[in-house]
Amino acid sequence: MSLHYPFTDLPPAGQRFKVADGVYWLRFPLPFALDHINLWLLEDLHGWVIVDTGLGVRRSREIWQQLLSDQLDGKPVTRIIVTHYHPDHLGMAGWLQQHCQAPVILSQGEWQLATAICEASDSQTIERFKGFLGSHGLRGDKLDKVAGKGNGFRRVVMPMPQAPEFVGAGDRLSINGENWRIHIGRGHAPEHLCLYREHDQVLISGDQVLPTISSNLMVRPTDPQADPVTAFVDSLLAIREALPAQTLVLPAHGLPFRGLHERINDLAAHHDSQLEQVLDACRHQPCNAHDILPVLFDRTLDVQQLMFAMGESIAHLNCLAGQGRVHREQRDGLWLFAA
């Protein structure tokens, strides 16, 4: 059984497209290889709730100005929900909060990480990434290019929202008189919000469940032995257990789809396969994370993709180490993993 895509026409930037009762799809451009993000507009009793906000750049602001003026039927924005800390989701939240005088809602884990990242100076960020990625085998000009960007996160969050409200697993948000229950995804982000409306089985999945790609699972310098692979798969399996297979999934990238259980099974199998490939490489000789890049990625990586790819390579090595299937040791400042 393949995934079913009920909507194949893409909404133009600046226009809403109805996908369920009181739920509208917005599509914003991104200046990356992943060239778009899906945001969601929910009818509320006396206005609108925004779910995710777009990258904090001028083009996003221009689209929001158009939307706010001619797509909201003259009603105000009542709340702004951010699924997780990444700038394409959080980036415009502070601007929208100021412009609309509406509260921002997210999880405490996402807020804490976003705040910590934003507080780091350019020099601190460069030093952390150089030390961390260098110890995993990224060297020379590639390391300079990846780490030399400084705190790029802060430059595309304009500005950080103030005094957000926190929600967590099992909480319910009443929107338009209906309950949306919070499910938490992990691995891609520490405490990723997924919103589920039970009466018609609609899930706003953010980056936790995407139809054609797996979310990036990145180890950060501040938590060098983290295991986001296990966290990601375990939280996906919990969502599969809790929600029906026929759920309409509204992802942050790609098309809305039905086939939640099948997609979660495919994602879990994908990471199992990647772990086996990495393990096989480590059986032949001790490997660092940079050695593993061609095992996991069969394409040329630009600077941004290289940073994410290194984080994901470290994540799969950390997972195998946590399972006891490889052991790690540091030689001459370099982490090596061997089966």
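Under this note's numbering, the first residue of the sequence shown carries the number 9, and numbering increases by one thereafter.
Ideal Cβ positions, reconstructed from N, Cα and C, are used throughout, including at glycine.
Please return the same chain residues whose Cβ sits closer than 6 Å to the Cβ of residue i, not counting the five positions on each side in sequence.
{"i": "Asp179", "result": "Ile190"}
{"i": "His97", "result": "Asp60, Val90 and Thr91"}
{"i": "Thr238", "result": "Cys327"}
Determine the DSSP secondary structure at residue i, reduced to helix, strand or coil.
{"i": "Val154", "result": "helix"}
{"i": "His324", "result": "helix"}
{"i": "Val112", "result": "strand"}
{"i": "Arg189", "result": "strand"}
{"i": "Lys83", "result": "coil"}
{"i": "Gln338", "result": "strand"}
{"i": "Arg137", "result": "Correcting the residue identity first, residue 137 is Phe in this sequence and not Arg. Correct three-state label for Phe137: helix."}
{"i": "Leu75", "result": "helix"}
{"i": "Ile125", "result": "helix"}
{"i": "Arg66", "result": "helix"}
{"i": "Glu173", "result": "strand"}
{"i": "Ser131", "result": "helix"}
{"i": "Val57", "result": "strand"}
{"i": "Ala101", "result": "helix"}
{"i": "Leu181", "result": "strand"}
{"i": "Phe265", "result": "strand"}
Output the boundary residues of the beta strand (DSSP E) element that contains residue i.
{"i": "His44", "result": "His44 to Glu51"}
{"i": "Ile300", "result": "No beta strand (DSSP E) contains Ile300, which is instead part of the alpha helix (DSSP H) from Ala297 to Leu304."}
{"i": "Leu211", "result": "Val210 to Gly214"}
{"i": "Phe15", "result": "Looking at the DSSP string, Phe15 is not in any beta strand (DSSP E), and its letter there is neither H nor E."}
{"i": "Phe25", "result": "Phe25 to Ala28"}
{"i": "Arg205", "result": "His200 to Arg205"}
{"i": "Pro259", "result": "Leu256 to Pro259"}
For the alpha helix (DSSP H) holding residue i, just list the boundary residues, first then last.
{"i": "Ala246", "result": "Pro236 to Ala250"}
{"i": "Glu270", "result": "Leu268 to His292"}
{"i": "Pro95", "result": "Pro95 to Leu98"}
{"i": "Arg35", "result": "Not the alpha helix (DSSP H): Arg35 falls in the beta strand (DSSP E), residues Val31 to Pro37."}
{"i": "Arg163", "result": "Gly160 to Arg163"}
Excluding the 5 residues flanking residue i on each side, which residues of the same chain have their C-beta closer than 7 Å to its C-beta?
{"i": "Ser213", "result": "Cys202, Val257, Leu258 and Pro259"}
Answer yes or no: do residue i and residue j have a C-beta to C-beta separation smaller than 7 Å?
{"i": "His144", "j": "Ala297", "result": "yes"}
{"i": "Leu63", "j": "Leu42", "result": "no"}
{"i": "Ser243", "j": "Arg291", "result": "no"}
{"i": "Ile88", "j": "Ala101", "result": "yes"}
{"i": "Gln116", "j": "Phe40", "result": "no"}
{"i": "Val303", "j": "Ala317", "result": "no"}
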